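Report on one structure; see the data block that follows.
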Ligand code: TIU
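Rendered as C-alpha cells:
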C-alpha cells in the first residue's frame with residue numbers, strides 16, 4: 003500500500019510517496035570529509051563536515067529498513083583526467099591539484115582510497131553509486147535515465163557541500179521535474195554562513211527549487227505514517 007507522506011518543511015509541507023522516492027547522499031567521500039583530501043587542499047577545515055555523519059547514518063538506516071531507494075554519488079575523475087575540464091584542473095591555488103599524489107591517494111581520482119565514501123556511510127550491495135565529474139549529479143551521468151526508469155520523482159537530498167554539490171544537484175533535479183527535500187542537518191558546508199544562506203535560498207520565494215526540513219521532521223512524518231497503517 004502506498005501512502006503520501008507530509009513532512010513539516012519550509013516553506014510548506016513536503017508531500018511524497020516513498021515508493022517513488024530516493025534518498026540521495028552526495029559526495030560523502032574521504033576527499034571532502036577527512037584530512038588529506040581534496041577539501042583540505044582547497045584550504046578548508048574539513049572537521050566542519052563531521053556533524054553531518056551521525057544524523058545521516060540514522061536517515062540511511064531508516065531508508066534501508068523501509069526499502070527506500072538509496073543513491074550515493076562521488077565526485078571525481080578518471081586516472082588520465084580526460085573528464086576533468088582544464089578550467090577545473092587549473093582553478094585556484096590548492097596545496098595539491100586534482101590528480102596529484104596525496105596521503106589518501108591521488109586527489110579526487112576514481113579508484114583511490116580518498117575518492118571513496120567514508121566507512122560510516124559505505125554503500126550496500128544494490129545501492130546505486132553515481133560517479134560524476136562535476137558538481138551536479140546529473141551532468142555527464144546516467145542518473146536521470148535511472149530515476150526515470152525506476153519511476154522516482156521525489157528526492158530526499160543529503161551530503162556535502164551544501165552550497166556546491168548539493169545545491170547544483172538540487173537545481174539540476176528541479177529543472178528536470180524532480181521534487182527535492184533537503185535535510186538541513188544532513189547537509190554540511192565548510193562555511194557556516196554559506197550553510198545558512200544556501201538553505202534559505204532553497205525554500206525562499208515559495209520554495210523556488212525545493213523544500214528544507216530537519217531529519218527529525220522527515221523521520222517523524224515517516225514514523226507517523228507507519229503507525230497509521232492498518233495492521
Ligand atoms: N569545495 C566544495 O565545497 N565542494 C566541492 O568541491 N564538491 C562538493 O561539494 N562535493
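Residue numbers (the numbering used here): 3 to 233.
Even glycine gets a Cβ: it sits at the ideal position worked out from N, Cα and C.
No experiment lies behind these values; they were computed from the predicted model shown.
| Check | Outcome |
| --- | --- |
| Any non-hydrogen atom of the ligand TIU within 7 Å of residue 120 CB | no |
| Any non-hydrogen atom of the ligand TIU within 7 Å of residue 77 CB | yes |
| Given 8 Å, three or more beta-carbon pairs between the stretch 123–134 and the stretch 68–82 | yes |
| The stretch 19–26 touching the stretch 153–161, judged by at least three CB pairs closer than 8 Å | yes |
| Stretch-stretch touch, CB-based, cutoff 8 Å, three pairs: the stretch 145–153 with the stretch 78–95 | no |
| Sequence-distant residues of the same chain with beta carbon closer than 6 Å to residue 51, five excluded per side | 35, 162 and 190 |
| Secondary structure of residue 167, DSSP reduced to three states | helix |
| Residue closest to residue 219, alpha-carbon to alpha-carbon, out of 136, 183 and 212 | 183 |
| heavy atom of the ligand TIU below 7 Å from residue 162 C-beta | yes |
| Residues that DSSP places opposite residue 25 in a beta bridge | 72 and 158 |
| Residues that residue 36 bridges to, as DSSP identifies them | Beta-bridge pairing links residue 36 to no other residue. |
| Element boundaries [beta strand (DSSP E), containing residue 192] | Run containing residue 192: none; DSSP gives neither H nor E here. |
| Contact under 8 Å by Cβ, residue 160 with residue 7 | no |
| Selected residue, minimal CA-CA separation from residue 44, among 54, 99, 29 and 87 | 99 |
| Boundaries of the alpha helix (DSSP H) in which residue 130 is found, first to last residue | Residue 130 -> not in any alpha helix (DSSP H); beta strand (DSSP E) instead, spanning 130–134. |
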